[in-house]
Amino acid sequence: MVKKYDAIVIGGGVMGGSTAFQLSKKGYKVLVLEKDQLGGKASSAAAGMIGAQVELDPDSPMFHLACKSRKQFPELAVEIKDLTGIDIGFRKNGMLKIAFSNEERGKFLKIIESQQHLGEQVDWLTPEEVIKKEPLLSSSCNGAMYIEGGGQVSAPDFTMGLLKAAAALGTDSREYCEVKGFLREGNRVIGVSTNEGDFYSHSVVVTAGAWTTQLIQGSGLDLKGYPVKGESFSVLTNKPLLTHTIFSSSCYIVPKTSGRLIIGATVKPYSFSRSVSVEGITQLMEDAKFILPAIKEAEWEEAWAGTRPQSLDGLPYLGEHPEWSHLFIANGHFRNGILLSPITGMIMTDLIEGKKTITDVESFRIDRLTRQVK
Numbered sequence: 553m554v555k556k557y558d559a560i561v562i563g564g565g566v567m568g569g570s571t572a573f574q575l576s577k578k579g580y581k582v583l584v585l586e587k588d589q590l591g592g593k594a595s596s597a598a599a600g601m602i603g604a605q606v607e608l609d610p611d612s613p614m615f616h617l618a619c620k621s622r623k624q625f626p627e628l629a630v631e632i633k634d635l636t637g638i639d640i641g642f643r644k645n646g647m648l649k650i651a652f653s654n655e656e657r658g659k660f661l662k663i664i665e666s667q668q669h670l671g672e673q674v675d676w677l678t679p680e681e682v683i684k685k686e687p688l689l690s691s692s693c694n695g696a697m698y699i700e701g702g703g704q705v706s707a708p709d710f711t712m713g714l715l716k717a718a719a720a721l722g723t724d725s726r727e728y729c730e731v732k733g734f735l736r737e738g739n740r741v742i743g744v745s746t747n748e749g750d751f752y753s754h755s756v757v758v759t760a761g762a763w764t765t766q767l768i769q770g771s772g773l774d775l776k777g778y779p780v781k782g783e784s785f786s787v788l789t790n791k792p793l794l795t796h797t798i799f800s801s802s803c804y805i806v807p808k809t810s811g812r813l814i815i816g817a818t819v820k821p822y823s824f825s826r827s828v829s830v831e832g833i834t835q836l837m838e839d840a841k842f843i844l845p846a847i848k849e850a851e852w853e854e855a856w857a858g859t860r861p862q863s864l865d866g867l868p869y870l871g872e873h874p875e876w877s878h879l880f881i882a883n884g885h886f887r888n889g890i891l892l893s894p895i896t897g898m899i900m901t902d903l904i905e906g907k908k909t910i911t912d913v914e915s916f917r918i919d920r921l922t923r924q925v926k
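With the working numbering, the residue at position 277 of the sequence shown is 829, and numbering never jumps.
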């Protein structure tokens, strides 16, 4: 069994899959290690929205990161289909961010102005125009941001598509292989120790989501992050109730194929629990019924929860460990993991190769918060 690689990626979710895929495209021999099942954590729990413009502040460096990442999806969908036969469910069905008050209306109009100034496509729709696009929405709607270029993927298919595309290009993966620590020569990381033995590599990339902080605890780096549980549920309808993805301050509703709707998500900080609470799902149901009254006739399908990694300042961590060379970390993407995964994989590959990254990553330095304290 080969135990020497160019790169070891810890974490078999969407970030690990994207990083492994980009590295394998460059001809690197990659090993993905996952302590549970590939794609089995937050990546499979996501609704799959590609919504750079619905949640992020236009003045934030994360907005620009997200917009660049969104542009990668059309090509990625083709690459994954060609290599694996997997359809990741990519489609630009558009997004509506609904206002239900005059305060929200005023706030959204300012956001639209800022985004248009940056060259992004976004428009304001009156209540009448919103109902014309989505007749079954609540009459309480006070207008909406309309993002025509907003889209979605099937998060589980996208995650597995990336991992299998990487495998088609030579990446190895091991499920139920838990990393116990890092192997070092001085301050250089040369591999990892696991429950299946030691594996060696030129570089190690940690993409372990909410478990990253625990994994690197002994490295002397405090990422200043925490886990956030998110609960969601899905229903089935005999005929489609929506065409566009609907986003509001209380919940989102994502229309999938065959009349399936995904509704999410709660935000419960500092929890690794994957249990689904009556309180959380009940609140989402009430919010969804207010936005889309016709959903009350839908057939229940299932509910689930996922744990997302959040940083204290809301920005992801992308970079090399400040003390341990050849140890790279991608973490803290919170609710935007699917959206940011394409560009994250490209950035981590650039960093490993010692090249200029596809976009400036100074704002995402992994030691930025600890440096400010000193």
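Using N, Cα and C, we set each Cβ at its ideal position, and we do this for glycine too.
Note that the coordinates shown come from a computational prediction; the quantities given were computed from them, not determined experimentally.
- request: Tell me whether the beta-carbon of Phe824 lies closer than 8 Å to the beta-carbon of Thr859.
  value: The count along the sequence shown starts at 1 and reaches residue 824 at position 272. The count along the sequence shown starts at 1 and reaches residue 859 at position 307. Contact flag set, yes.
task: Report yes if the CB atom of Thr896 is closer than 8 Å to the CB atom of Leu864, and no otherwise.
output: Taking the sequence shown and counting its residues from 1, the one referred to as residue 896 is at position 344. Taking the sequence shown and counting its residues from 1, the one referred to as residue 864 is at position 312. The answer is no: Cβ separation not under 8 Å.
field: Closest Cα partner of Pro792 within the set Glu851, Gly782 and Val828
entry: For the purposes of this step, residue 792 is taken as residue 240 along the sequence shown, with counting starting at 1. Comparing Cα positions, the closest option is Glu851.
- prompt: Which class does Glu730 belong to by DSSP, given the choice of helix, strand or coil?
  reply: Here the question's residue 730 lines up with position 178 in the sequence shown. Here Glu730 sits in coil by DSSP.
field: DSSP-derived helix/strand/coil call for Leu628
entry: Counting from one through the sequence shown, the residue named residue 628 turns up at place 76. Of the three classes helix, strand and coil, the one that applies to Leu628 here is helix, per DSSP.
Within 8 Å, strictly: CB atoms of Val787 and Leu879: Sequence index remark: in the sequence shown, residue 787 carries index 235 (1-based). Sequence index remark: in the sequence shown, residue 879 carries index 327 (1-based). No, they are not a contact pair.
- prompt: Using a Cβ-Cβ cut-off of 7 Å (strictly less than) and excluding sequence neighbours within five positions of Ile638, which residues of its own chain qualify?
  reply: The residue you call residue 638 lines up with position 86 of the sequence shown. Only Ile632, Asp709, Met712, Gly713 and Lys716 meet the Cβ criterion.
- prompt: Grouping DSSP H, G and I as helix and E and B as strand, with all else coil, what is Phe842?
  reply: For the purposes of this step, residue 842 is taken as the residue at position 290 of the sequence shown. Helix.
- request: Tell me where the alpha helix (DSSP H) around Ile650 begins and ends.
  value: The residue labelled residue 650 in the question sits at position 98 within the sequence shown. Looking at the DSSP string, Ile650 is not in any alpha helix (DSSP H); the run it does join, the beta strand (DSSP E), is Met647 to Ile650.
message: Only counting the same chain, and skipping five residues up and downstream in sequence, which positions put a Cβ closer than 8 Å to that of Asn654?
response: Taking the sequence shown and counting its residues from 1, one reaches residue 654 at position 102. Excluding residues within five positions, the ones whose Cβ falls inside 8 Å are Asn694.
message: Check this for me: beta carbons of Ala840 and Ile833, under 8 Å apart or not?
response: As a first step, residue 840 is located in the sequence shown; it is residue number 288 there, counting from the start. As a first step, residue 833 is located in the sequence shown; it is residue number 281 there, counting from the start. It is not a contact, given that the beta carbons lie outside the stated cut-off.
message: Under DSSP, the beta strand (DSSP E) around Asp558 begins and ends at which residues?
response: Translated into the one-based positions of the sequence shown, residue 558 becomes position 6. Per DSSP, the unbroken beta strand (DSSP E) holding Asp558 starts and ends at Lys556 to Ile562.
message: Residues in the same chain with beta-carbon distance under 7 Å from Met647, minus the five sequence neighbours each way, listed in chain order, please.
response: To locate residue 647, count along the sequence shown from 1; it is residue 95. Taken in chain order, the residues that qualify are Gly603, Val606, Ile699, Gly702, His796, Thr797 and Phe799.
task: Within the same chain, show all residues whose beta-carbon is closer than 6 Å to that of Met614, passing over the 5 residues directly before and after it, in chain order.
output: Reading the sequence shown from its first residue, position 62 is the one you call residue 614. Here the set comprises Leu608 and Leu867.
- request: Taking 8 Å as the cut-off, decide whether the C-beta atoms of Lys820 and Ile814 are in contact.
  value: Your numbering for residue 820 matches position 268 in the sequence shown. Your numbering for residue 814 matches position 262 in the sequence shown. Against a cut-off of 8 Å, the Cβ pair of Ile814 and Lys820 comes out as no contact.
task: State the Cα-Cα distance for the pair Glu656 and Arg812, rounded to the nearest angstrom.
output: Counting from 1 along the sequence shown, the entry for residue 656 is found at position 104. Counting from 1 along the sequence shown, the entry for residue 812 is found at position 260. C-alpha separation (whole angstroms): 28 Å.
- request: Pull up the distance between the alpha-carbon of Ile683 and that of Thr818, whole angstroms please.
  value: Indexing the sequence shown from 1 puts residue 683 at position 131. Indexing the sequence shown from 1 puts residue 818 at position 266. So the two alpha carbons sit approximately 26 Å from each other.
field: Segments assigned beta strand (DSSP E), at least 3 residues, entirely inside the stretch 576–606
entry: 582–586
- request: Can you tell me the Cβ-Cβ gap for Phe886 and Pro861, rounded? I've got them flagged as a contact below 8 Å.
  value: Translated into the one-based positions of the sequence shown, residue 886 becomes position 334. Translated into the one-based positions of the sequence shown, residue 861 becomes position 309. Indeed, because the Cβ distance is near 7 Å, the residues count as touching under 8 Å.
message: For Phe642, which residues in the same chain have their Cβ closer than 6 Å to its Cβ, ignoring the five residues on either side in sequence?
response: Numbered from 1 along the sequence shown, position 90 holds the residue referred to as residue 642. Excluding five sequence positions before and after Phe642, the CB atoms of its chain that fall closer than 6 Å to its own CB belong to Phe625, Ala629 and Val705, given in chain order.
- request: For the stretch 753–767 and the stretch 565–573, state whether three or more C-beta atom pairs, one from each stretch, are separated by less than 8 Å.
  value: yes
field: Element boundaries [alpha helix (DSSP H), containing Asp675]
entry: Here residue 675 is taken as the residue at index 123 of the sequence shown, counted from 1. Note, Asp675: premise wrong, no alpha helix (DSSP H); beta strand (DSSP E) at Asp675 to Leu677.
- request: Assign His873 to one of three DSSP states: helix, strand, or coil.
  value: Translated into positions along the sequence shown, residue 873 becomes position 321. Three-state result, His873: coil.
- prompt: Excluding sequence positions up to five away, which residues of its chain have a Cβ less than 8 Å from the Cβ of Thr922?
  reply: As a first step, residue 922 must be located in the sequence shown, where it is residue number 370. Answer for Thr922: Leu773, Asp774 and Lys776, listed in chain order.
query: Between which two residues does the beta strand (DSSP E) harbouring His754 extend?
result: On the sequence shown, position 202 is the one that residue 754 refers to. Gly749 to Val758 is the span of the beta strand (DSSP E), which, as asked, contains His754.
- prompt: Can you tell me whether Gln668 is buried or exposed, with buried defined as 16 or more other CB within 10 angstroms of its CB?
  reply: Residue 668 sits at position 116 when you count from the first residue of the sequence shown. The residue in question, Gln668, is exposed, as its Cβ has fewer than 16 Cβ neighbours within 10 Å.
field: Under 8 Å between C-beta atoms of Ile910 and Met898
entry: Here residue 910 refers to the residue found at position 358 when the sequence shown is read from its first residue. Here residue 898 refers to the residue found at position 346 when the sequence shown is read from its first residue. Yes, they are a contact pair.
field: Burial state of Thr678 (16 or more Cβ within 10 Å)
entry: The residue you call residue 678 lines up with position 126 of the sequence shown. The residue is exposed, with fewer than 16 neighbouring Cβ atoms inside 10 Å.
- prompt: If Ser753 and Ile560 are in contact, beta carbons under 8 Å, what's the gap, nearest whole angstrom?
  reply: Position 201 of the sequence shown, counted from the first residue, corresponds to residue 753. Position 8 of the sequence shown, counted from the first residue, corresponds to residue 560. That belief holds up - the Cβ atoms of Ser753 and Ile560 are roughly 4 Å apart, short of 8 Å.
Trp856 and Ser802 closer than 8 Å at C-beta: The residue given as residue 856 occupies position 304 in the sequence shown. The residue given as residue 802 occupies position 250 in the sequence shown. Not in contact: Trp856 and Ser802 (Cβ atoms no closer than 8 Å).
Pair within 8 Å by beta-carbon distance, Gln589 and Glu727: Along the sequence shown, one-based indexing puts residue 589 at 37. Along the sequence shown, one-based indexing puts residue 727 at 175. Going by C-beta atoms, Gln589 is nearer than 8 Å to Glu727.
Inter-residue spacing [alpha-carbon to alpha-carbon] between Lys685 and Glu849: As a position in the sequence shown, residue 685 is number 133, starting the count at 1. As a position in the sequence shown, residue 849 is number 297, starting the count at 1. Distance between the alpha carbons of Lys685 and Glu849 is about 21 Å.
query: What does a CB cutoff of less than 8 Å around Gly591 pick up in its chain, not counting 5 residues either side in sequence?
result: Start at 1 with the first residue of the sequence shown, and residue 591 comes out as number 39. Same-chain partners within the cutoff: Gly564, Gly565, Val566, Gly569, Pro708, Thr711, Met712 and Leu715.
field: Supposed contact pair Ile904 and Leu767 - C-beta distance, whole angstroms, cut 8 Å
entry: As a position in the sequence shown, residue 767 is number 215, starting the count at 1. As a position in the sequence shown, residue 904 is number 352, starting the count at 1. Actually they do not touch by this definition, with Cβ atoms about 18 Å apart.
task: Would you tell me roughly how many angstroms separate the C-alpha atoms of Lys926 and His873, rounded to the nearest one?
output: As a first step, residue 926 is located in the sequence shown; it is residue number 374 there, counting from the start. As a first step, residue 873 is located in the sequence shown; it is residue number 321 there, counting from the start. Because the pLDDT at Lys926 is just 36, under 50, the model does not fix this residue reliably, and the point stays unresolved.
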